[in-house]
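What follows is a single structure, written as structure tokens, with notes after it.
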Ligand code: NI
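Numbering (this note's numbering), first residue to last: 4 to 141.
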């Protein structure tokens with residue numbers, strides 16, 4: 004484990020109360036852990052804004068009975084194979100599929116792929132979980 008450093012943070016009471024409520028609601032064991040996560044979250048935001056190498060997951064829910072849709076999703080994934088690490092397909096029920104696409108690469112390409120997948124007719128829901136390669140967030 005890396006060496007730990009301590010530093011003091013001054014906050015007014017009202018803001019500290021809000022922070023403590025935030026921590027309790029999210030089940031953090033202490034302020035330091037919550038504070039570390041907030042810093043990491045901001046660093047990840049910066050990675051995505053600055054066009055670094057990032058990682059994440061695209062999640063799609065779509066109608067299994069629409070074959071044209073399946074073809075479009077597969078075609079797009081072939082066009083973007085540079086950023087797609089793997090794809091997992093889950094048959095949710097008789098009608099619905101869940102697909103999780105693990106991605107890594109330039110933020111603008113991942114966002115473009117997400118937007119194209121989400122806009123295919125028959126895709127009921129799509130999200131992009133913006134995460135990190137983990138290299139620069141400790
Ligand atoms: Ni399926």
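In this text, a Cβ means the ideal position worked out from N, Cα and C, and glycines have one as well. No experiment lies behind these values; they were computed from the predicted model shown.
In terms of CA proximity to residue 34, 10 leads the group 56, 10, 5. A check of alpha carbon separations from residue 87 across 99, 115, 94 identifies 115 as the nearest. Taking the CA atoms as reference points, residue 121 sits about 13 Å from residue 80. With 6 Å as the limit, the residues whose C-beta approaches any heavy atom of the ligand NI more closely are 67, 92, 94, 100, in sequence along the chain.
Distances from the CA of residue 123 to each of 66, 13, 20 were compared; the closest alpha carbon is that of 66.
A direct Cα-Cα distance of roughly 29 Å separates residue 111 from residue 99.
Restricting attention to 132, 109, 139, the CA atom closest to the CA of residue 52 is found in 109. Around the beta carbon of residue 12, a 10 Å sphere encloses fewer than 16 other beta carbons of the protein chains shown; the residue is thus reported as exposed.
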